[in-house]
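A.B. asks:
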Amino acid sequence: MRRLFIFLLIISIIAGCSKKPVDKAKQFMDAGMYGDAIPLLEEEIQKNPKNTEAHYLLGMAFLNLGEEDGASQSFDRAIKLDQKKYTKKTTEAYHKTGLNFLGQDTPAGVRRGVRYLDQTLDTDASLKSEISKAYRDRGIALAKNDRSLSYTLLVRALELDPNLKRDNDFYYALYIEDMEDPELQNKGCEDFLSLFPESKHVEEVLYLMGNYQYSIADYQKSKQYFSQLGERYPDTELGKKAKVMVDNITKMEQEIGQAELERARKIKQMEIEKAQQLKQMEVEKAEKLKQIEIQTAEKQKQMELEAKRLKEESKIKEQQSQLEEAQARTLMEGSWIVYYVYQGENKVGRLTLKISGSSITGTLNTGFRLSALDAYCSVEGTIDGNRFSVTRSCAAWKAGQFQQWSGEVNLQSQEMKGSFTWKGNSYTFKGTKEK
11 MRRLFIFLLI
21 ISIIAGCSKK
31 PVDKAKQFMD
41 AGMYGDAIPL
51 LEEEIQKNPK
61 NTEAHYLLGM
71 AFLNLGEEDG
81 ASQSFDRAIK
91 LDQKKYTKKT
101 TEAYHKTGLN
111 FLGQDTPAGV
121 RRGVRYLDQT
131 LDTDASLKSE
141 ISKAYRDRGI
151 ALAKNDRSLS
161 YTLLVRALEL
171 DPNLKRDNDF
181 YYALYIEDME
191 DPELQNKGCE
201 DFLSLFPESK
211 HVEEVLYLMG
221 NYQYSIADYQ
231 KSKQYFSQLG
241 ERYPDTELGK
251 KAKVMVDNIT
261 KMEQEIGQAE
271 LERARKIKQM
281 EIEKAQQLKQ
291 MEVEKAEKLK
301 QIEIQTAEKQ
311 KQMELEAKRL
321 KEESKIKEQQ
331 SQLEEAQART
341 LMEGSWIVYY
351 VYQGENKVGR
361 LTLKISGSSI
371 TGTLNTGFRL
381 SALDAYCSVE
391 GTIDGNRFSV
401 TRSCAAWKAG
411 QFQQWSGEVN
421 LQSQEMKGSF
431 TWKGNSYTFK
441 GTKEK
């Protein structure tokens, strides 16, 4: 029947090819063919970006395909174009589609339904009670097949509506059905019998309680629950199983004796208590390890932040130092007067240097003749940071007469000092920037 409907739909679309893309898209969506509707709607939006209905329908198509990001973006565009109308329509879309997904058989579909319905509540809190009931009903239905998902839905239902009616089906699904912890399950069974003594689930509850007491070797209580079950439901499958269990326990009592059974019960109880203590110790150990991991992670993060801070601080200092050096070097550009000192305070000549970037050029005028040298010659050198060295000085440099020309510059005080050696004799010089 569905194939015939789709075939007729396609024929109608082909026959009505003159229809607008939005109308064709609607036909596909009515048939559940959302993937076929999307290209038509995108084509329409490309031609008419302000077609609000096209944006909304595209959101609906994405929503039904489970493409949540695409749906959200399309709905947002529709709301931006017409907030009043499409805020309401978008809420209705999430509500309707969410209920459809909630009823699906797959866990992924159910979880998507929960997300859609929670999205509905973001814009319309008045639907809390209705959605809470939907979660409750679906949680009860899933109790036997998917305990985890059932529990999630039932707890969410109570979160939305704390006053939600908790009938025997709800209570059984939340506190008893497939409960992993036997002790908690038994406690739920005890409460259930107290609250709903005539419920349709009493048969299962009595059987669970009988089994639990048997597992902890409390055969007297086990026999009591199985006896109640056999008496109330003699012809059911569980009732017949209960009678067999009663016979088995009675036979054990006759063969072993009541005192021995009581001893076995106490031993079993001690084993259970020991197991519980070990379990609690494991829980506490796991919690401590978790706390240590958290503290370690926090310390590591703090160390990383501190290292980053120090690195940034070092970088800033380096940049500041480079800036100050550059500023000082700029101020130093120009001539320097350096006085040579030989034997105490006796001046023996003048050295004029000019710093340009990393190069030094200048002249040496001794005011007297250094052996065969003229009293005047040129000087060339380099500067690196606050250190400088002379690479050439007159012909005597090549002859090896001048040695160890070197010095330093104080960028802050604008002072310069250094030394050189001439024929084994040491000379020093110092000076400040020429004013």
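Counting in my numbering, the sequence shown tops out at residue 445, every number present. Virtual Cβ for every residue (Gly too), placed ideally from N, Cα, C. Predicted, not measured: the structure shown is a model, and the values here were computed from it.
1. With burial defined as no fewer than 16 other Cβ atoms inside 10 Å of the residue's Cβ, what is the status of Asp179: buried or exposed?
2. Which class does Asn155 belong to by DSSP, given the choice of helix, strand or coil?
3. Which class does Thr107 belong to by DSSP, given the choice of helix, strand or coil?
4. Three or more C-beta pairs under 8 angstroms: does that hold for the stretch 86–95 against the stretch 35–49?
5. If you drop the 5 nearest sequence neighbours on each side, which residues of the same chain put their C-beta closer than 8 angstroms to that of Thr467?
6. Name the DSSP bridge partner or partners of Gly113?
7. In whole angstroms, what is the alpha-carbon distance linking Asn258 and Glu247?
8. Could you give the DSSP three-state label for Glu208: helix, strand or coil?
9. Can you look up Glu77 in the DSSP assignment and give me helix, strand or coil?
10. Check this for me: beta carbons of Val254 and Lys233, under 8 angstroms apart or not?
11. Quick one: is Leu299 buried, meaning 16 or more other Cβ sit within 10 Å of its Cβ, or exposed?
12. Quick check: the stretch 155–164 against the stretch 191–200, are at least 3 beta-carbon pairs closer than 8 angstroms?
13. Smallest Cα separation from Leu127: which of Ala153, Ala167, Ser158 and Lys94?
14. If we ignore side chains and look at the alpha-carbon of each, how far apart do Lys94 and Lys30 end up?
15. So, for Ser139: in the same chain, excluding its five sequence neighbours on each side, which residues have a beta-carbon less than 6 angstroms away from its beta-carbon?
16. Taking just the CA atoms, how far does Ala144 sit from Arg176?
17. On a CA-only basis, which of Asp156, Asn74, Leu288 and Ser204 is nearest Ala183? Give me that one, please.
18. Thr97 and Thr451 - do their beta-carbons sit closer together than 8 angstroms?
19. In three-state terms, what does DSSP make of Lys311?
C.D. replies: From the atom records:
1. With 16 or more other Cβ atoms inside 10 Å of its own Cβ, Asp179 counts as buried.
2. In the structure shown, Asn155 sits in coil (DSSP, three-state: anything other than H, G, I, E or B).
3. Thr107 falls in the helix class under three-state DSSP.
4. Per the Cβ contact rule, the stretch 86–95 is not in contact with the stretch 35–49 (fewer than 3 Cβ pairs under 8 angstroms).
5. Residue 467 cannot be examined here, being either before or after the span of the chain that is shown, 11 to 445.
6. Answer is none; Gly113 lacks a bridge partner.
7. Straight-line Cα distance between these residues: approximately 17 angstroms.
8. In the structure shown, Glu208 sits in coil (DSSP, three-state: anything other than H, G, I, E or B).
9. Here Glu77 carries a coil assignment [DSSP, helix/strand/coil].
10. Using a Cβ distance threshold of 8 angstroms, Val254 and Lys233 do not count as a contacting pair.
11. That one is exposed.
12. Per the Cβ contact rule, the stretch 191–200 is not in contact with the stretch 155–164 (fewer than 3 Cβ pairs under 8 angstroms).
13. Scanning Ala153, Ala167, Ser158 and Lys94 for the CA closest to the CA of Leu127 turns up Ala167.
14. Cα to Cα, Lys94 sits roughly 26 angstroms from Lys30.
15. Closer than 6 angstroms at Cβ, skipping near neighbours: Asp171.
16. Between Arg176 and Ala144, the C-alpha separation is close to 14 angstroms.
17. Of the candidates Asp156, Asn74, Leu288 and Ser204, the one whose C-alpha sits nearest the C-alpha of Ala183 is Asp156.
18. The requested residue 451 does not occur in the structure, where the chain is confined to residues 11 to 445.
19. If DSSP states are grouped into helix, strand and coil, Lys311 belongs with the helices.
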